[in-house]
Ligand SMILES: Nc1ncnc2c1ncn2[C@@H]1O[C@H](COP(=O)(O)O)[C@@H](O)[C@H]1O
Ligand SMILES: Nc1ncnc2c1ncn2[C@@H]1O[C@H](COP(=O)(O)O)[C@@H](O)[C@H]1O
Ligand SMILES: Nc1ncnc2c1ncn2[C@@H]1O[C@H](COP(=O)(O)O)[C@@H](O)[C@H]1O
Ligand code: NA
Ligand code: NA
Ligand code: NA
């Protein structure tokens, strides 16, 4: 099994979740209120109340095939709006 | 070293932490207010104030033996109440 | 690519972020309000409003070289103030 | 139903804020009241309702016969309704789901109650403080019945570790966070009013003056929550949708008959009926999620929050008022 | 500028709390108002401003000629200012950044508005409730213009999926969370005041009495936020820094001329000018982040929050008052 | 101790809410006040205490001789108590732990202070606004002494990077978030009361009217926090448990003698004693966690929060009142 970590602006959350659902992921977890810095943007907690919002961290445990299915769509969202996506190995307990 | 990720309803948090303590984990980290979707349940932020609550994400860095010790008990909690548990490799810095 | 997970008291957050910036990490993500237990300290949510605060969980995706650059400094902060740091493998999506 | 009552209800700020919450979701506005702010409002409301209720009980004199009868009837209703609901629900659902949903309808919704109180006030109809006592007393018995139903009607092969011991049934029924906060705040209100009237005055701006505004703010959130439950309601099927509307009406009719037989006056009768008709989304789901994980939470939470709650807030309140007007003789002092 | 006005403004609790927020950051105090508390304050303020404004509009009689003229002028200004701003900004920035920044200055800052209102009150100068209507009406048009500028002046090679369809432009302009909450609360305030005056009274302690205190608390936070924007402002360069100060002054001058030509009295003219001069950090950034990700958010948010907002709160308000005193003839009743 | 005082104290809503927090934990209720709500309450209380205090100081006239003497005595006590505490604690603990715990007892607890103020009010005993000045002035010196003790009595082999430079000692002492908010709010209250009495009135509903209710809400949370500290207290050992009860009593006795020698009247003397007896869980732990990580945080936080705070709230307040009644001659005007 794989673990997919996605971190991006919470404003794109719905778009990403739709992508996940379309690829039939078995489940996902969302942690909001993440902050951070990327190649160009700094996202800070004190700005969360403004129109910019904070980041969301989404974790998906799923098979490689599912990841392959949604790779292009996720990449397109992230490349346009910013954010990162990384895959690692994970074994069910 | 291993990294164990547990995600489940915050209502089972105390039971899971007791299991961890009984297995003598060196430590753990809890992140509450996680939301998500699993095979049957959707957990959303707007429902957090109701009696259902949100999810908790627990991370444990520990040796494989400790994981082996607590595997059955964690599985039994998660299979009954829902939630996921995944193991991956981790090296201390 | 590597994934670096750092968990420590939010009171050291600024020091750690400075270290990351000095090592020229491409980015990082911060999740605050984490609680947990380590070898000696218990950090609970109900104490967050007191002077002790909660933990921060910092995730960095970066190359091994960058990790090597900042290893000593991070270790020195964590060994003095407490906290954990683990490295794992991660592949960009 | 009396149309003018409906209009008067709908043009109250509470109900209007509820509507704009609903509309925000339907129009996909990105309006959001992030956690834990709804929790702040709900804790505040429970604390204030309890405190105000305690004062009310103290002022109306607790050992009054009418009071004791009303409170007993309230408890009885919260024992009876889950049993009736269970029988109906078993037609379609397993024991776990039936018990969990039935318990929700036996219990109450504090926000429905306070919206009803505001409605009463806008009609210049008085009611007695001890009705908050009825509110507080109807939560635990419903949970109790729900859990006992699971224990005795449920399959005997539940894993050993999940056996519902009486102690854990009682714990969930009485020490549930929202039940506990409501009841203890009520006791504090009672004691304070008895021993320390100047402290009641000092609490007044917090528990009374800003109460209505916070209620409106919370109803805005509740509107969003309710609207977001609708998709999962569709999945739940038409039986449950029908149940979520008809059960409150059915309960309100029983309620009105009981209120009549107790000779409650208009205001108290109305609140009694509202308590019977409303369903829980705080205490009961918390207890069921813990002890009966086999029940689908989306069933019991989506019906109460997504349908019964909005129905009661918007249509139920004027409907129950009409019922009361018809069946309860106007008290003459 | 009149020095005594400046001093009177600076010694208001709102501005003093803003200062201690700024100083906390400069002195590296670990004072922190964690999320989502600032969101709670900003939701509360929008709800209360809207509700109070709705009452004000109802009381001042909506179909009045002067009112309609003022509201139309407000809309016009929020369409015009982004166009002017865009032309200036294009000297240095690409279409995306220019449009996003320009839209922010066409829109308004509700907190600047209420600080100005408090200042007016401290000067014992009256103003009319319908000015909140102007506030509410100036948000959407500015977003609309900003997005239309991107659509028509922007590069034609945006990816298909990012085409700005009219429907999504309208959606962002009118259903943005803060726009939506402000406008719907205004409508509720209006309807309540019309149909249910006793409910207005019940809301009063929440929407009116504690308002000023919450405003102060929020300004403490805003002081910290503003001060934390300064480092990224330096990166933004001197053109943008100059723009963030001069554009509000420029807008205030247009505003004062328009107000004069509408024969607004002192109080309303002042608020009108403040609306023209203030810039948005809630609605516009939310819309731009969603639909124009090509714009650097640090540009539009750092200028409005880090420079224009503090400038307006501290120096702008007395400056605009002086302008109004000079250009608006004192109304004689 | 006077039993009637104890009863009067225990039946105050503040103390009752504290109790139900404690009982919730003991009974394992799932009642929870999630973060950051306690932070909201504590920020609010500091802001309001400071603001009210600033008004009080302005009204009582700051340059009064008695005022200056009292404030100097307060500072002196917050320098002296940590030194005494340090000597006692060194019997059992290393320099780091001793300094951290001692500093906590030299500093103050604002919530203990306001609970004491409410108690005074319920006894119809007046006190002067400048006592809040004493509260504000007792935080920094205690931190200062604690850190200087670490610097000069601590091991000389601390790593270079951890050397306690004077600048960082001063920074922690004066710019700590809660110290900063309290002192600056006090200054704002003072300035506002001086220059802008109508603004004081506008703040009143926020800073004064709802204060008591928020205090009760916060004490509910503090009850839970205190009860949750008990397990780690047991680990801390009986020496520390004894210290947490006896040190406040000891400090209160010194306090009463100083108050007498200053000829403070009953109300002010009582508050002075409460300040001496109370211990810090906001400012001091924050400073110690940063600069003296060698100290076990569970020692200094569990004793102050788990034992000293509850002791003061429940038993200390009536005890100190009895002491004051015995040792302070009743003032005759
Ligand atoms: N190398 C990285 N490691 C961890 N998080 C990152 C990294 N780069 C970006 N992020 C996260 O992704 C968010 C969006 O990044 P950006 O691409 O700058 O829009 C940032 O705010 C960070 O939270
Ligand atoms: N495949 C998955 N990947 C990530 N998180 C998951 C996954 N499945 C379940 N979860 C998380 O576990 C929680 C409980 O799942 P459930 O088994 O449906 O009760 C969900 O709400 C998610 O937060
Ligand atoms: N083995 C572990 N696994 C996961 N988190 C840990 C572990 N050890 C420590 N932590 C986290 O690191 C924080 C600080 O640990 P400490 O070293 O005790 O100060 C704890 O509060 C936990 O959140
Ligand atoms: Na019911
Ligand atoms: Na503007
Ligand atoms: Na002290």
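Chains as they are written, first to last, in the working numbering: chain A, 797 to 889; chain B, 797 to 889; chain C, 797 to 889; chain D, 104 to 436; chain E, 104 to 436; chain F, 104 to 436. Ideal placement from N, C-alpha and C gives every residue a C-beta, glycine not left out.
Residue i burial status per 10 Å Cβ neighbour count (16 or more: buried)
| i | result |
| --- | --- |
| residue 412 of chain F | buried |
| residue 887 of chain B | exposed |
| residue 806 of chain B | buried |
| residue 436 of chain D | For residue 436 of chain D, the pLDDT reaches just 49, beneath the cut-off of 50, and the residue's location in the model is therefore unreliable, although a value from the coordinates is still provided. Counting Cβ neighbours within 10 Å, residue 436 of chain D comes out exposed, since fewer than 16 surround it. |
| residue 129 of chain D | exposed |
| residue 355 of chain D | buried |
| residue 171 of chain F | exposed |
| residue 433 of chain F | exposed |
| residue 192 of chain E | buried |
| residue 314 of chain E | buried |
| residue 397 of chain E | buried |
Nearest-angstrom beta carbon gap, residue j and residue i [assumed within contact, 8 angstroms]
| i | j | result |
| --- | --- | --- |
| residue 281 of chain E | residue 385 of chain E | 4 angstroms |
| residue 882 of chain B | residue 801 of chain B | 5 angstroms |
| residue 781 of chain A | residue 330 of chain E | Since the first residue of chain A shown is 797 and the last is 889, residue 781 of chain A is not available in this structure. |
| residue 316 of chain F | residue 306 of chain D | 5 angstroms |
CB contact check: residue i to chain I, cutoff 7 angstroms
| i | result |
| --- | --- |
| residue 804 of chain A | Here the protein chains are A, B, C, D, E and F, and chain I is not one of them. |
Heavy atom of ligand 4 within 6 angstroms of residue i beta-carbon
| i | result |
| --- | --- |
| residue 355 of chain D | no |
| residue 178 of chain D | no |
| residue 136 of chain D | no |
Residue i Cβ short of 6 angstroms to ligand 6 heavy atom set
| i | result |
| --- | --- |
| residue 381 of chain F | yes |
| residue 420 of chain F | no |
| residue 211 of chain F | yes |
Any non-hydrogen atom of ligand 2 within 6 angstroms of residue i CB
| i | result |
| --- | --- |
| residue 812 of chain A | no |
Residue i: CB within 6 angstroms of a non-hydrogen atom of ligand 1
| i | result |
| --- | --- |
| residue 406 of chain E | no |
| residue 854 of chain A | no |
| residue 882 of chain C | no |
Residue i: CB within 6 angstroms of a non-hydrogen atom of ligand 3
| i | result |
| --- | --- |
| residue 384 of chain F | no |
| residue 112 of chain F | no |
Residue from the options whose Cα sits closest to the Cα of residue i
| i | options | result |
| --- | --- | --- |
| residue 208 of chain E | E/167, E/417, E/181, E/109 | E/181 |
| residue 108 of chain D | D/427, D/433, D/432 | D/427 |
| residue 357 of chain F | F/134, F/430, F/269, F/273 | F/430 |
| residue 326 of chain D | D/219, D/135, D/255 | D/135 |
| residue 842 of chain B | D/310, D/143, D/148, D/393 | D/143 |
| residue 372 of chain E | E/390, E/391, E/219 | E/219 |
| residue 417 of chain F | F/337, F/344, F/112 | F/112 |
Check: residue i C-beta below 6 angstroms from any heavy atom of ligand 5
| i | result |
| --- | --- |
| residue 126 of chain F | no |
Check whether the stretch 228-243 of chain D touches the stretch 152-170 of chain D, counting contact only when three or more Cβ pairs, one atom from each stretch, lie closer than 8 angstroms.
yes
Are the stretch 196-209 of chain F and the stretch 299-319 of chain F touching by the rule of at least three beta carbon pairs closer than 8 angstroms?
no
Should the stretch 212-225 of chain F be called in touch with the stretch 248-264 of chain F, which here means at least 3 C-beta pairs below 8 angstroms?
no
Would the stretch 233-243 of chain D count as touching the stretch 363-382 of chain D if we require 3 or more Cβ pairs under 8 angstroms?
yes
Would you say the stretch 283-292 of chain F touches the stretch 145-160 of chain F, given that touching needs at least three Cβ pairs under 8 angstroms?
yes
Does the pairing of the stretch 355-372 of chain D with the stretch 170-179 of chain D give three or more beta-carbon distances under 8 angstroms?
yes
Pair every Cβ in the stretch 822-838 of chain A with every Cβ in the stretch 854-862 of chain A, then say whether three or more of these pairs are closer than 8 angstroms.
yes
Would you be able to state if there are at least three C-beta pairs under 8 angstroms between the stretch 115-126 of chain F and the stretch 388-408 of chain E?
no
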